[in-house]
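Here's the structure we're looking at; comments come further down.
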Amino acid sequence: MITHLGFVCLALALAPSGAQNLGLVPYNTRLEISGKIWNSGSWSAFCADEQDRSLNGDADTDDTILFLVDTQNFRLTSVGLAIDYPTASSDERPPVALSPTAIALQVSERDQGNVDLNKDTRVEGNV
Numbered sequence: 000m001i002t003h004l005g006f007v008c009l010a011l012a013l014a015p016s017g018a019q020n021l022g023l024v025p026y027n028t029r030l031e032i033s034g035k036i037w038n039s040g041s042w043s044a045f046c047a048d049e050q051d052r053s054l055n056g057d058a059d060t061d062d063t064i065l066f067l068v069d070t071q072n073f074r075l076t077s078v079g080l081a082i083d084y085p086t087a088s089s090d091e092r093p094p095v096a097l098s099p100t101a102i103a104l105q106v107s108e109r110d111q112g113n114v115d116l117n118k119d120t121r122v123e124g125n126v
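Take the sequence shown: its letter number 28 is residue 27 in numbering that gives the first Met the number 0, and every next letter is one higher.
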């Protein structure tokens with residue numbers, strides 16, 4: 000598990016299928032990574048703690064926010080949604096599923112500013 004690093008080494012599969020060498024490219028996210036890193040195709044996803052600034056538009060500054068890196072152009076994007084921290088470091092139930100063309104994630108209603116995201120009249124879950 001990679002935690003508390005300001006950079007990520009992203010494996011880029013630029014070589015043809017079956018090639019022996021994969022290039023490792025250091026990429027400084029300038030963020031303290033919290034939990035696991037997930038990869039699929041040209042996408043990597045990780046979480047970072049807000050650290051005294053709101054990154055998801057709610058009033059507090061103590062959430063864990065999901066970020067995406069497009070490894071083709073090294074573009075870093077904040078998804079702007081809070082992830083429940085225990086799931087951010089879980090092997091059993093990761094909060095993110097990536098494919099080369101889509102992303103699915105579980106958002107914490109409580110950490111997203113106590114917003115009822117699934118309209119079930121409660122703000123207790125990950126949706």
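The beta carbon of each residue, even a glycine, is placed where N, CA and C say it ideally should be.
Task: With 16 other Cβ atoms within 10 Å as the buried cut-off, status of residue 47 - done: Within the sequence shown, the letter at position 48 stands for residue 47. It counts as buried.
TODO: Out of 49, 119, 82, 67, point me to the one whose CA is closest to residue 39's CA.
DONE: As a position in the sequence shown, residue 39 is number 40, starting the count at 1. Out of 49, 119, 82, 67, 67 has the C-alpha closest to the C-alpha of residue 39.
TODO: To the nearest angstrom, report how far apart residue 35 and residue 56 are at their CA atoms.
DONE: The residue labelled residue 35 in the question sits at position 36 within the sequence shown. The residue labelled residue 56 in the question sits at position 57 within the sequence shown. Residue 56 has its alpha-carbon roughly 23 Å from the corresponding atom of residue 35.
Task: For residue 96 and residue 89, the rounded distance between their alpha carbons - done: Reading the sequence shown from its first residue, position 90 is the one you call residue 89. Reading the sequence shown from its first residue, position 97 is the one you call residue 96. For residue 89 and residue 96, the distance between alpha carbons rounds to 13 Å.
Open item on the list: By alpha-carbon positions, which one of 37, 29, 80 ends up nearest to residue 109?
Closed with: Residue numbering aside, residue 109 sits at position 110 when the sequence shown is read from its first letter. Taking only the C-alpha atoms, the option nearest residue 109 is 80.
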